[in-house]
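Residue numbering for the sequence shown follows my numbering, beginning at 209 and increasing consecutively. Quick notes on the structure that follows.
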Amino acid sequence: MLVENFARVQTEIAAACQRAGRDARSVTLVAVSKLHSPQAMLMAYQAGVRHFGENRVEEAAPKKAAFLDLLPKDAPPPTWHMIGHIQSRKAQAVIETFDVIHAVDSWRLAERIDRLAADHNARPTIMLQINISGEESKAGLGADQWETSPTQRQTLWEVVESISHLTAIHAIGLMTMAPYVAEPEATRPVFAGLRCLRDALAVDFPTMTWDALSMGMTNDYPVAIEEGATHVRIGRAIFGETEKGY
Ligand SMILES: *Cc1c(COP(=O)(O)O)cnc(C)c1O
């Protein structure tokens, strides 16, 4: 089942890239393995998955170790993506476990990750999580009115300005979560909005890297790719519904 699921997702990604006139290699498929076992992850790896996403470090760290024990020693290790909200006191474990951190949602957290990374000679890749839809339940730096509210724009720009001076982290772009809606097409303005914001930040902060747009999940990834997603975070379409008991 997993092999077919993965093939179906890859086909959908290729089709969305073709519609958008993009190279399919410009999209990184992050397989979200939260709540799934190391054995399921190994099956995904054998099917071709090379990027795993997890949202809780206390689940991910032991699972990563168990997965690596199952992996043949000469197999290239996958890249580990932290996609969930990070509590300050877990930042250290996050740096030790993950290569890419998608959900940096405050200056405080960025600064802390930078300091811990410097202490450990690590250079984590990060993205800034943006709340572009304004949903109160969503984490992220507020940006639902950045084009009309000078105050909101200034607050966000000041955070980015501060982050631009950090030297241990490597910021590569933005991440967002679209509201859940029945009709995927309805998420298009959210994804287009994140791209517009990225384009504006790239003009004002030209020394930083702005290539990455982490957006799109099982419900909406084809739309996200059409709007420029470079990283799609897909769980259910690959692993099926959550395994009970892990
Ligand atoms: C769980 C999760 C996903 C994957 O969701 P699916 O709907 O299973 O594809 C993507 N991003 C984040 C931040 C998540 O927590």
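Where a beta carbon is used, it is the ideal one built from N, C-alpha and C, also for glycine.
- prompt: Met209 by DSSP, collapsed to three states: which one?
  reply: The three-state secondary structure of Met209, taken from DSSP, is coil.
message: Assuming contact is defined by CB atoms lying nearer than 7 Å, are Val238 and His439 in contact in what I supplied?
response: In contact: Val238 and His439 (Cβ atoms closer than 7 Å).
message: Pull the bridge partners of Thr305 from the DSSP assignment, please.
response: In the DSSP assignment, no residue is bridged to Thr305.
message: Would Ala420 pass as an interface residue toward chain C - the criterion being a Cβ-Cβ separation below 7 Å?
response: Among the chains of the structure shown, chain C does not appear; only one protein chain is present.
Beta-ladder partner(s) of Leu317, from DSSP: DSSP lists no partner for Leu317.
Test item: CB-CB of Met251 and Leu210 under 7 Å: In contact: Met251 and Leu210 (Cβ atoms closer than 7 Å).
query: Closest by CA to Val257, which one among Val308, Ala268, Val240, Ala273?
result: Closest by alpha carbon: Val240.
message: What would DSSP say about Val389, mapped onto helix, strand or coil?
response: In the displayed model, Val389 falls within coil according to three-state DSSP, outside both helix and strand.
message: Among the candidates Cys225, Ala224, Phe399, Ala268, whose CA atom is the shortest distance from the CA of His244?
response: Answer by Cα proximity: Ala268.
query: Which same chain residues, not among the five before or five after Thr541, have their C-beta less than 8 Å away from its C-beta?
result: Because the chain spans 209 through 454 in this model, residue 541 falls outside it and cannot be assessed.
- request: Starting from the C-beta of Ala311, find all residues in its chain whose C-beta is less than 8 Å away, skip the five residues before and the five after it, and write them out in chain order.
  value: These residues qualify, in order along the chain: Met290, Ile291, Gly292, His293, Ile294, Met335, Gln337, Ala347, Gly348, Met383.
- request: Using three-state DSSP, classify Gln295 as helix, strand or coil.
  value: Gln295 falls in the coil class under three-state DSSP.
Ile380 - DSSP class collapsed to helix/strand/coil: If DSSP states are grouped into helix, strand and coil, Ile380 belongs with the strands.
- request: For Gly401, name the three-state secondary structure that DSSP assigns.
  value: The answer is helix: DSSP assigns Gly401 an H, G or I state.
For Pro358 and Val398, the rounded distance between their alpha carbons: Rounded to the nearest angstrom, the gap between the Cα atoms of Val398 and Pro358 is 20 Å.
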